[in-house]
Structure formats: C-alpha cells, structure tokens
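> Take 24 as the starting number for the first sequence in the working numbering and just add one per residue. In this text, a Cβ means the ideal position worked out from N, Cα and C, and glycines have one as well. Please read all numbers here as calculations on a predicted model, not as lab measurements. Following this message is one structure expressed as structure tokens.
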Amino acid sequence: MAKDNFYHRVYEVARQIPYGRVTSYGAIAKAIGAAKSARMVGYAMNGASALEDVPAHRVVNRNGLLTGKHHFPGTHLMQQLLESEGIEVEGDKVQDFKALFWDPKSDSKK
DNA sequence: GGTCTGACCGTGT
DNA sequence: CACACGGCCAGAC
C-alpha cells in the first residue's frame, strides 16, 4: 500500500467509523492486517486522540469497555462523547456493544 | 542495538 | 468467575 505508516493505517480505519457506532481494537488491527498487534492499535490511538479526524472515543476493547478513557482529558469525556452520539454507556462499558459494533472490514471499500 | 512499555486478546488454572 | 501468563509488534530511551 502507499501508506506504510502503521499509525496512518489505524487512523484511516478509525476515521471510517460511522456515527453512533463503535468498534474494537482487535477489529481494527485485523482490518489493517495486524490482528496480532491489537496492542499497537491502542498505542497508535494515543496520538489519534489528539486528532479530531480520529474518533478514538468510538474505539473500545473487545468487551466494549472504555479502557482508553483514562487517556482522555477530563474524567468522563469519552463516555460523554459516546452518549452524545446516542450510544448508551454505563460506568465504563458500552451497552448493546454487540449491536453497535461496527466492523471495519464490513465497510468494504478497497 | 538491547530493553521496556503499551488504550489488547486469548487461553489456562 | 477472577486472576495470571504469553504473544505479537512498533516506538521511545
């Protein structure tokens, strides 16, 4: 691919997350061809949180848990953002995660 | 150029 | 059901 930057790939996928939807790190990792590097996805998202084009708040772990909320400024910013999009969030967990889950590969575009 | 860390995931006890 | 360990990869020191 043109972009060899691992980070850029993660940002691209995360950026494609539709409104009111969430996905998991593993799904993104798999979408970029690094299913075994889900950790890298989260690591890359660290810089994504600074980019408005990359809704890191829509990315949660496999359990639908807002594991990355601790990295966001404020206390419940991530949760508030999700609720603002119509996503039910209780505590640090996304409700109906399975229903709101969005598969990047489902986007099917390249 | 070796070592440590990290917003994960899966499996085992 | 809760905790522990391993793996896999890339970036920072």
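When the Cα atoms are used, what is the spatial distance from Ala134 to Met68?
This structure cannot settle anything about residue 134, because the visible part of the chain is limited to 24 through 133.
> Using the Cβ count rule (16 or more neighbours within 10 Å means buried), how would you classify Ala25?
Confidence is the limiting factor: at Ala25 the pLDDT is only 48, short of 50, which leaves the residue's position unreliable, though a coordinate-based value still follows. Burial call: exposed.
> Kindly list the residues whose CB is nearer than 7 Å to the CB of Tyr48, restricted to its own chain and excluding five residues on each side of it in sequence; keep chain order.
So the list reads Ala61, Val64, Gly65, Val82 and Asn84, once near-sequence residues are dropped.
> Cβ of Thr46 within 8 Å of Cβ of Ile40?
Yes, these two residues count as a Cβ contact at 8 Å.
> Looking at Gln103: is its Cβ nearer than 8 Å to the Cβ of Glu111?
No; because the gap between Cβ atoms is not below 8 Å, this pair is not in contact.
> Take Asn86 and list the residues in its own chain whose beta-carbon comes closer than 8 Å to its own, dropping the five residues that flank it on each side.
Correct list, in chain order: Lys116 and Phe120.
> Please name the residue, chosen from Asp126, Pro96, Tyr34 and Ser129, that lies closest to Asp76 on a Cα-to-Cα basis.
Selected option, being the one with the closest Cα: Tyr34.
> What is the rounded straight-line gap between the Cα of Ser72 and the Cα of Phe95?
Each residue's alpha carbon lies about 7 Å from the other.
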